[in-house]
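In terms of this note's numbering, the sequence shown opens at residue 11 and continues consecutively.
Notes for the one structure printed next.
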Amino acid sequence: MSDGVWLALTRKGGTVTTLTWQQAVDEALCFGWIDGQARKRDEESSWIRFTPRRARSSWSQRNVGHVARLEELGLMTPAGRAAVDAAKADGRWAAAYAPPSEAEVPADLLAAIAANPDAQAMLDVLTKANRFALIHRLNAVKRAETRERKIVEFVAMLARQETFYAQKARPPSRDEDR
11 MSDGVWLALT RKGGTVTTLT WQQAVDEALC FGWIDGQARK RDEESSWIRF
61 TPRRARSSWS QRNVGHVARL EELGLMTPAG RAAVDAAKAD GRWAAAYAPP
111 SEAEVPADLL AAIAANPDAQ AMLDVLTKAN RFALIHRLNA VKRAETRERK
161 IVEFVAMLAR QETFYAQKAR PPSRDEDR
């Protein structure tokens, strides 16, 4: 079996008509594959990596919805159904994560951040991508001990003004507030 493929897809507003990202994702889901990394190709297109879904990979609520639509249309292949059945059997299907627009900072993380003014100041200016990365990484852990450790790590990371992805916005210096 292939370990993946890079597809060149035109960005929104591009002048060349090609397979759309959604069409490519639909096709991938039908065969038990998933989209992953994206890289800029040129001003009008991007490279998107598609790979077979790993055995324990998480599912998004968005892709759960796409699979339901693809099933209704009779487009799912045995390989695609096998990936879905495995996710349903081990709970990953029911635990599908919300899209970034709906993801909320978990209460336990929010409370820990609120107790650290430097971390709270950084949370207040996080980009959507960094906020979602924080939420998704915390919600992905399985054990309570790991979750507690991650909360401590994330609070310290925010207090140091560190993020997962590049971010220009920073909270004002506490010295400026005085």
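Every residue gets a Cβ at the ideal spot worked out from N, C-alpha and C, and that includes glycine.
Per DSSP, leucine 17 is one residue of the beta strand (DSSP E) stretching across 15 to 20. By the beta-carbon neighbour count (other beta carbons within 10 angstroms, threshold 16), threonine 27 is exposed. Leucine 29 has its alpha-carbon roughly 11 Å from the corresponding atom of serine 55. Counting only the Cα atoms, valine 35 lies some 16 Å from arginine 64. Taking 8 Å as the cut-off, the Cβ atoms of alanine 89 and glycine 42 count as close. The shortest C-alpha to C-alpha distance from glycine 84 to any of Leu39, Met167, Thr61 and Asp52 is the one to Leu39.
In the DSSP assignment, serine 56 forms a beta bridge with Leu19 and Lys50. Within its own chain, the residues whose Cβ lies closer than 6 Å to the Cβ of valine 135, once the five positions on either side in sequence are excluded, are Ala179 and Pro181, listed in chain order. Note that the C-beta distance between alanine 121 and leucine 168 is not below 8 Å. Where glutamine 130 is concerned, the enclosing alpha helix (DSSP H) starts and stops at 127 to 135.
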